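The structure under discussion appears below in the form of structure tokens.
Protein chains: 2
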Amino acid sequence: MLRSATHDPSMVTIEFANGSQSRFHAIWLRDNALDPETRAPGNGQRLITIGDIPATVSISAAEVANGDLNVTFQPEDKTVTFPASWLAEHVYDGAQDRQIGRIASGVTTWERGTDAPSGDWNEVQAYPAAKRNWLTAVAEYGFAKLTGGPTEPESLLKVANLFGYVRETNYGPYFEVRTEVNPTNLAYTGLGLQAHTDNPYRDPVPTLQILYCLENSAEGGDSIVVDGFRAAEKLRDQNPDGFALLAGYPARFEYKGSDGVCLQSRRPMIELSPDGELIGIRFNNRSSAPFVDVPFEKMEAYYAAYRQLAEIIDDPAMGVSFKLEPGESFIVDNTRVLHARLGYSGAGSRWLQGCYADKDGLLSTLAAMQMTQPEAAE
Amino acid sequence: MLRSATHDPSMVTIEFANGSQSRFHAIWLRDNALDPETRAPGNGQRLITIGDIPATVSISAAEVANGDLNVTFQPEDKTVTFPASWLAEHVYDGAQDRQIGRIASGVTTWERGTDAPSGDWNEVQAYPAAKRNWLTAVAEYGFAKLTGGPTEPESLLKVANLFGYVRETNYGPYFEVRTEVNPTNLAYTGLGLQAHTDNPYRDPVPTLQILYCLENSAEGGDSIVVDGFRAAEKLRDQNPDGFALLAGYPARFEYKGSDGVCLQSRRPMIELSPDGELIGIRFNNRSSAPFVDVPFEKMEAYYAAYRQLAEIIDDPAMGVSFKLEPGESFIVDNTRVLHARLGYSGAGSRWLQGCYADKDGLLSTLAAMQMTQPEAAE
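See below:
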């Protein structure tokens, strides 16, 4: 509900029922008008371009009616209604958080001591609320386990189908993670692997990874996940200049382990949105290529920050560890959460299948569930 | 070939045969050592982590032998050879281009008057050089046609298979672009569409799009492509402050035209690498959501810059146009090149199929071809 509205030709100032005030510009309101000539009623897509709006757009009237806002635009002499609730959701007049390296709302960072969020195979398929909780964990914590699944090969594809689509790559729709004689990738050995994000040499990077366990009777081979966003926060607090270096210059990553494959990227280890929100981590010792975009005079400080970030990531206080049983899997947000594995021995067997998928599908599925099943209705 | 090398504990200074000098830090050289204990001989992956390198790493000897560089590192007392050619390729000591909005090397921007680069269906399948030229055009110009292909449905999947992998989305592995009665997307109508990049509401955005023509006897429906990088360059030259606003704050994009789909992104219209290289354009009037991340006092200037960018994009002097015949298709780099279509009438038929794919596969295929078939060998 709105209490009042005042205007001049360039903007409207409204007062909400709680007394807070917000200003909206004429051009912004006109561009975002909700009438059926501006937005297609069925699919919600905008029917006009910015060029269809006169550059001289101005407001000739603004009034509260039934608690909502009616605005009349000139020279079109067009009146449009903006619901109070819609305006409240789209306020842009106020203090925006601009801290460099800040974490987006809805994201919670963590370290050791956190219980691994987990869903149950049968429940997430049967109950929307269980599925929503599982997807919410991926969105909020950047990883979640799924337990109680089948031990048939390719079951991981069914995990991806629960929320989206597999991203096929040169490794196939999915890949086998077990010891090979002539491995094209160190993942296909029994070596331990430092916590890393996958495929930073790929642009766009796969934003989700699923690792699904089919056999795991070998000694070792435990999985460890580390919150790269928490690690970045720690680096920012301990060494803000070092954080700025890792965010401010691209690293380089490369993989050419197979015939016909030569993947290269030029992306920073710590990725920020242009207004400073932390949006991605790339960290992988195996596929880091020589860094050549850092100015000479900053290279030693860059390396010191890289070392410090690695120490934070490798700190046992950071990792949440678990050993997957056959039929268990986990998803990681590969733009945020690093995964490691302990080395394992030749006795017994360890067989995982892995695949990539993308966050757009997962977050879309989750958002659509949240719209149709509000939390209060559970 | 190297002429000479001098060192102190923290760095080596080398002189190449052409007289140019470059410095390399001890930590950088040690991290990038090429010996088989540091890099796996088969797949080239690094076997050590940054933490495996002593923080006190220093250089105790550096000398030229057979034209290459031998460096001895302490405290490991480890000597490693760096080929002169490898050092020349990885120089980081010098003036790096830091201009904001600069275009990456290997990319050529264009406007109307450019002939659409094109490959022939049979030739790109038969001749590696033809395929390489066609892929190079996509890398350099951001788009290329392919002519003389079959008119069977799903032929576009064969185009994707030439270099990489389809990115499946909620629209399917591919989608039909023709008039629908109750369209979930304005693309599925006969309306003209302003030049746009596809799916900016998806994160990660599809980095390639293929549009394949199966029927096109309708009046109109011509395809137009516009180089978003050229448009961004023009905006930067005409209005650097406006360019900085579109690059400096995220826009918002959204699509929820179908049940179970709610795609949202928070990404800038002009995307720069952290060191200022132009790496992406997102521009789509239909799916722009209300911009709420721009500070109030900058919103009008942001909108003015958006309008100016749109005017540049819509300027007929920018677009390269063509009408696809059945069996013809084109690829666009969806992070750079916008595509538009003229409206078309109900008389006759227009049937295109579209799909998404990603640049990692295309650029990898191209890079691998360049390694195995150097240009001079053609």
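So the sequences go chain by chain: A and B. The numbering of the first sequence is UniProt numbering, which starts it at 1 and goes up by one. The numbering of the second sequence is UniProt numbering, which starts it at 1 and goes up by one. Using N, Cα and C, we set each Cβ at its ideal position, and we do this for glycine too. Predicted model only: the values in this text are computed from it and were never measured.
Proximity to N170/B across L363/A, Q370/A and E325/A peaks at L363/A, based on C-alpha coordinates.
Every beta strand (DSSP E) stretch that sits fully inside the stretch 290-349 of chain B and reaches 3 residues is listed by chain position as 320-322, 329-333 and 337-341.
Look at F296/B: its C-beta is under 8 Å from a C-beta on chain A. In the three-state DSSP reduction, D52/B falls in the helix class (H, G or I). When only Cα atoms are considered, G260/A and A160/B end up about 16 Å apart. In its chain, beyond the 5 residues on either side, V320 have a beta carbon closer than 6 Å to the beta carbon of T114/B.
By the neighbour-count criterion, in which 16 or more other beta carbons inside 10 Å mark a residue as buried, K323/A falls on the exposed side. Its Cα nearest to that of I270/B, the residue P250/B stands out among A357/B, P250/B, F296/B and L191/B.
Using a C-beta cut-off of 8 Å, the stretch 364-372 of chain A makes no contact with the stretch 177-191 of chain A, since fewer than three inter-stretch Cβ pairs fall below that distance. As the crow flies, the alpha-carbon of I210/B is around 21 Å from that of N285/B. About 5 Å separates the Cβ atoms of V226/A and A195/A, confirming a contact at the 8 Å cut-off.
Only buried fits S155/B, as 16 or more other CB atoms lie within 10 angstroms of its CB. A straight-line Cα-Cα distance of about 41 Å links Y141/B and A95/A.
Taking a beta-carbon distance threshold of 8 Å, E15/A does not count as an interface residue toward chain B. Residues of the stretch 250-265 of chain A whose Cβ lies closer than 9 Å to any Cβ of chain B, in chain order: P250, E254, Y255, K256, G257, S258, D259, G260, V261, C262, L263, Q264 and S265. Taken in chain order, the complete beta strand (DSSP E) segments of 3 or more residues contained in the stretch 32-88 of chain A are 58-65, 68-74 and 78-82.
Contact residues of the stretch 143-170 of chain B toward chain A are G164, Y165, V166, R167, E168, T169 and N170 (C-beta to C-beta distance below 9 Å).
Between T207/B and P268/B, the alpha-carbon positions lie close to 15 Å from each other.
About 6 Å separates the beta carbon of H25/A from that of S10/A, a gap short enough to meet the 8 Å contact definition. Taking a beta-carbon distance threshold of 8 Å, S288/B counts as an interface residue toward chain A. Boundaries around Q238/B are those of the alpha helix (DSSP H), G228 to Q238, since no beta strand (DSSP E) includes it.
According to DSSP, residue pairing for Y201/A in a beta bridge does not occur. Excluding five sequence positions before and after H7/A, the CB atoms of its chain that fall closer than 6 Å to its own CB belong to I59 and A62, given in chain order.
At least 8 Å separates the beta-carbon of G276/B from that of I48/B. Under the Cβ criterion of 8 Å, Y303/B is counted among the residues facing chain A. When Cβ-Cβ separations below 8 Å define contact, G361/B makes contact with chain A. Restricting attention to G242/B, V294/B and L338/B, the CA atom closest to the CA of G280/B is found in L338/B.
At a cut-off of 3 residues, the continuous stretches assigned as beta strand (DSSP E) that sit fully inside the stretch 119-201 of chain B are 143-147, 175-177 and 193-196.
Between L193/A and I312/A, the CB-CB gap reaches or exceeds 8 Å.
Residue-level contact check: R132/B does not touch chain A, since none of the beta carbons of chain A fall below 8 Å from its beta carbon.
For the set I103/B, S118/B and Y201/B, the Cα lying nearest the Cα of A231/B is the one of I103/B. Cβ neighbours of E325/A within its own chain (closer than 8 Å, five residues either side excluded): T147, C213 and N216.
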